[in-house]
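Engineer: As you go down the protein sequences, you meet chains A and B in turn.
When the count follows this note's numbering, it moves up by one through the first sequence with no breaks and lands on 438 for the last residue.
When the count follows this note's numbering, it moves up by one through the second sequence with no breaks and lands on 438 for the last residue.
Just so it is clear, CB atoms sit at the ideal spot from N, CA and C, and this is done for glycine as well.
First, the structure itself, so that you have it in front of you.
2 protein chains.
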Amino acid sequence: MLAQRLIERKRDGGRVEPGEWRALAHAYAAGHVPDYQMAAFLMAAYLRGLDRGETSALTDAMLGSGSTLDLSHLSAARVDKHSTGGVGDKVSLVLAPLVASLGVVVPMMSGRGLGHTGGTLDKLEAIPGFRTDLTLDAARAQIDAVGCVLIGQTAEIAPADRKIYALRDATATVESIPLIAASIMSKKLAEGLTGLVLDVKRGSGAFLPELERDLELAETMIRLGADRGCPVVALVTAMDRPLGRACGNALEVEEAIAALKGEGPPDLMNVTYALGAEMLVLGGVAPTADAARRMMEVAISSGRAAEKFQRVIEAQGGNPGVVDDPAVLPQARACELFAAPRRGLVARVEPKAVGRGIIALGGGRTRMEDAVDPTVGFVITAKPGDWVEAGEPLATIFARDRAGVEVGQAALRTAIVIADEADPPLPLISHRVTERGVERYGD
Amino acid sequence: MLAQRLIERKRDGGRVEPGEWRALAHAYAAGHVPDYQMAAFLMAAYLRGLDRGETSALTDAMLGSGSTLDLSHLSAARVDKHSTGGVGDKVSLVLAPLVASLGVVVPMMSGRGLGHTGGTLDKLEAIPGFRTDLTLDAARAQIDAVGCVLIGQTAEIAPADRKIYALRDATATVESIPLIAASIMSKKLAEGLTGLVLDVKRGSGAFLPELERDLELAETMIRLGADRGCPVVALVTAMDRPLGRACGNALEVEEAIAALKGEGPPDLMNVTYALGAEMLVLGGVAPTADAARRMMEVAISSGRAAEKFQRVIEAQGGNPGVVDDPAVLPQARACELFAAPRRGLVARVEPKAVGRGIIALGGGRTRMEDAVDPTVGFVITAKPGDWVEAGEPLATIFARDRAGVEVGQAALRTAIVIADEADPPLPLISHRVTERGVERYGD
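Listed below in structure tokens is the structure:
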């Protein structure tokens, strides 16, 4: 009867009270509310919206449906980064060990790729032996020992969110700002953080392409964090083209390792440093963003950051040799260059088309139960704004076989648009959002 | 993938095309679309609405998901009546045999009671032995032999509607005019009708209390019928008080039998005659409503109408002796008068409170799987507008035991409101709606 009543109320634009959110989340997690009732409720919530208090109550309800990572015994700050997702976004793999090597604890819980976007867990699992399915106890032990852990949402963390998220994915109720914000924050707050940095992607390849909605999402999450004593800072970054050059799980691990050695592509390094600076300042380890950046450069040049990644890999059962020799990673059977079909300006490198190309190659998912091939993907060296000659190599295709190479060629012909003129791409980092409001980045 | 795409489209206010409605209805009926996806779709449809073409396509899709009653071999007209439901509404039990006794075939498919409203099937099953679960073949044979059959929606008729209706009931997506209209019309069109009369209830005890929405529903169904060569006429009748005096399954059968002998309460007779006149004119058996009414009076006074009911009962396995001796019906163990608690004007006899009282006595359902006790209920002789003295009997309570009598007393204390003055009740029959438009009844 509870579910029926709450569906009616939300359907008619009414308000669901905190105790009711709690009861609904618990009943659904326990299997007492059937999926079809929750699906109807979620569609009503999607279309009618949630007010600030409801978003907050839903966050608490999902957080309270499971366990949390109690890290209160640590004196060190615990700061995580969350990205709304994109193509070529391997920042977490660089950032987590880099920031952890500077004394801020990073208890990072990530997701898998779905649709055109990639996922950190899939990337990590490209490393032979790497396990992401740790229990909370094992994660806590690793944090004590290494200061960093890279895991998936365990069954113990926010089980109501886990179940609701899967249902939203199947019922076209994903792109709702209050539902997204509550889902992310219920998991992040379960990590026992003292601070959180958000990378909100904007542009054609982002989950929410419009800047206005990105800022709304950032502000909603910042408020949820602030109300619970967890300061949140958000940067809005470009996802109108892939980040870095590598797109595909093993290829991205290789690029992330290069970045940890100071050899990453400039856009990847800049986004990593910008997010890392926020984490180090939030964590109280650096007084300013400039100081933080210098600390990160030293951590990289000294080898400390790469070494931290090696220790994380080792602790999670992976082959740490990958950091010294990326050939340890599984390798694609077939690879081939992709050449510019004409002379002109690279107008666009469309992330969705690249992401769909990875799926077509077997390296992504359309359903959660799909297996992914870690070896396939693209390394795209061309960037929007580059001038190219006909026949000039713009990318390398990594596939399972000849047929895959053809699939990859077709995908890149769609993804990489060459024209005589083009609008400039979005600024790499455009806005910074804090509790005090929105500012243009760098101002 | 189809369901996901259609959920998204409807969620965003888009249009679902005829072929897509058909595919969705078939896939859902076949179990290829899970309940949770259909639930999200229905909530989106509820909140975003369906346009005229979509409502029409959904009707066809649900109709086409199953078999139909092919009655084209009959030269006689086939006309049914559908009511949107209320309390004390036993009109079908009187009307079907009455109209059939005058040469119009009545292939009537009815539903069960749910919530505060009663259902024709539950009433019929109060007659010992009466079976409502006939196959389409058995129904067709009975129509040939008797000219009238009173059954439930068989598994063969509109299975997509059957499944969708059950889901709507559990997901607060019932009160949507396009969804209601398509659901009713898909079943009615499956009866092979040449005409249909609608009794659209209005007022506090109706499914859609507001006149404006009642007229919209009537117009939607009239259009759906007209587009398919089945003329539909609707009367809007009062459901701000129970119809007739008896409320409860066996009690209503007894009152219906009295009505078939010309001894029904005036409001029940008037609604029956008004709906019957429309059926007889639509069926081409009477030239005018006045002529139809005279024919019905003769059918009743001559005993032909009651005799037709007897034949229907016999054909469906029931004890036909009930028509001559209502004591054949199961009888309540305990009964007691309900007296006016004060002197004054009967301001209201609230149908919802009466209906809930019947549920409390064990004679109604809150869930489809509940069993009903046919014996319990009320006979309420007081009508809004009556002047009553303190202690005057207003009703009789029929219950299983002493405790039930107390429950019934409490229900009637809530339902029957006595005051010093009161607004007049709604006109018994207020509007008549046809393809040509809406007119005040009697004008």
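(1) Please tell me whether residue 211(A) and residue 172(A) are closer than 8 Å, where the distance is taken between their beta carbons.
(2) Unbroken beta strand (DSSP E) runs of length 3 or more, entirely within the region 362 to 389 of chain B: which are they?
(3) For residue 125(B), does the three-state DSSP call read helix, strand or coil?
(4) On the three-pair Cβ rule with 8 Å, is the region 421 to 430 of chain A touching the region 9 to 19 of chain B?
(5) Taking three-plus beta-carbon pairs below 8 Å as touching, is the region 342 to 350 of chain B in contact with the region 403 to 412 of chain B?
(6) Name the DSSP beta bridge partners of residue 194(A), please?
(7) For the region 14 to 31 of chain B, enumerate the residues whose C-beta is nearer than 7 Å to any C-beta of chain A, in chain order.
(8) Under 8 Å between the Cβ atoms of residue 76(A) and residue 87(A)?
(9) Indicate whether the contact test is met: 3 or more Cβ pairs, each with one atom in the region 59 to 74 of chain A and one in the region 128 to 140 of chain A, closer than 8 Å.
(10) Alpha helix (DSSP H) containing residue 409(B): first to last residue?
(11) Along the region 135 to 169 of chain A, what residues have a CB closer than 7 Å to any CB found in chain B?
(12) Rounded to the nearest angstrom, what separates residue 49(A) and residue 45(B) at their Cα positions?
(13) Counting only Cβ pairs nearer than 7 Å, list the residues of chain A close to residue 3(B).
(14) Tell me, please, whether the CB atom of residue 42(A) is closer than 8 Å to any CB atom in chain B?
(15) Residues in the same chain with beta-carbon distance under 6 Å from residue 441(B), minus the five sequence neighbours each way, listed in chain order, please.
(16) Between which two residues does the alpha helix (DSSP H) harbouring residue 4(A) extend?
(17) Tell me where the beta strand (DSSP E) around residue 424(B) begins and ends.
(18) Using alpha carbons as the reference points, say which of 231(B), 159(B), 291(B), 74(B) lies closest to residue 421(B).
(19) Is the beta carbon of residue 145(A) sitting closer than 8 Å to the one on residue 91(A)?
(20) Report the neighbours of residue 53(B) on chain A: residues whose CB is nearer than 7 Å to its CB, in chain order.
(21) Given this structure, state the Cα-to-Cα distance separating residue 504(B) from residue 215(A), to the nearest angstrom.
(22) For the pair the region 347 to 363 of chain A and the region 309 to 318 of chain A, tell me if three or more CB-CB distances fall below 8 Å.
(23) So residue 308(A) and residue 122(A) are in contact, right, with Cβ under 8 Å, and what is the actual spacing, rounded?
(24) With distance defined between alpha-carbon atoms, name the residue in 318(A), 417(A), 205(A) nearest to residue 253(A).
(25) Relative to the C-alpha of residue 416(B), which residue among 379(B), 401(B), 329(B) is closest?
(26) Output the distance between the C-alpha atoms of residue 469(A) and residue 100(A), rounded to the nearest integer angstrom.
(27) Give me the residue from 353(B), 89(B), 8(B) with the minimum Cα distance to residue 305(B).
(28) Determine the burial state of residue 274(B): buried for a count of at least 16 other Cβ atoms within 10 Å of its Cβ, exposed for fewer.
(29) For a contact defined as C-beta to C-beta under 8 Å, what are the partners of residue 37(A) on chain E?
(30) Rounded to the nearest angstrom, what separates residue 234(A) and residue 192(A) at their Cα positions?
(31) Looking only at C-alpha atoms, which of 52(A), 236(A), 51(A) sits nearest to residue 348(A)?
(32) Is residue 100(B) helix, strand or coil when you go by DSSP?
(33) For the putative contact between residue 395(B) and residue 329(B), defined by C-beta atoms under 8 Å, what is the C-beta separation to the nearest angstrom?
(34) Taking residue 140(A) as the reference, which of 98(A), 28(A), 37(A) has the closest Cα?
(35) Can you find a C-beta in chain B that's less than 8 Å from the C-beta of residue -1(A)?
(36) Decide if residue 222(A) is buried, meaning its Cβ has at least 16 other Cβ atoms within 10 Å, or exposed.
Structural biologist: Looking at the atomic coordinates:
(1) yes
(2) 372 to 375
(3) Looking at residue 125(B) - three-state DSSP - the assignment turns out to be coil, as it is neither helix nor strand.
(4) The way I'd put it, the region 421 to 430 of chain A doesn't touch the region 9 to 19 of chain B; fewer than three beta-carbon pairs between them come closer than 8 Å.
(5) yes
(6) Looking at the DSSP output, residue 194(A) bridges to 78(A), 230(A).
(7) 30, 31
(8) yes
(9) yes
(10) 397 to 410
(11) Under the 7 Å Cβ criterion, the region 135 to 169 of chain A contributes 162, 165, 166, 167, 168.
(12) Rounded to the nearest angstrom, the gap between the Cα atoms of residue 49(A) and residue 45(B) is 29 Å.
(13) 167
(14) yes
(15) Absent from the model: residue 441(B). The displayed extent of chain B is -4 to 438, so no value can be given.
(16) Its alpha helix (DSSP H) spans residues -3 to 6.
(17) 424 to 429
(18) 231(B)
(19) yes
(20) Ordered by position in chain A, no residue passes the 7 Å Cβ test against residue 53(B), which lies about 18 Å from the chain.
(21) Here chain B covers residues -4 to 438 and nothing more, so residue 504(B) does not appear.
(22) no
(23) For residue 308(A) against residue 122(A), the beta-carbon gap comes to about 6 Å, under 8 Å, which counts as contact.
(24) 318(A)
(25) Comparing Cα positions, the closest option is 379(B).
(26) For residue 469(A) there is no data in the structure shown, the boundaries of chain A being -4 and 438.
(27) When only C-alpha atoms are compared, the closest one is 89(B).
(28) buried
(29) Within the model displayed, chain E is absent; protein chains A and B are what it includes.
(30) 17 Å
(31) It is 236(A) whose Cα lies nearest to the Cα of residue 348(A).
(32) strand
(33) 7 Å
(34) For the options 98(A), 28(A), 37(A), the alpha carbon positioned closest to that of residue 140(A) is the one of 98(A).
(35) Interface residue, yes.
(36) exposed
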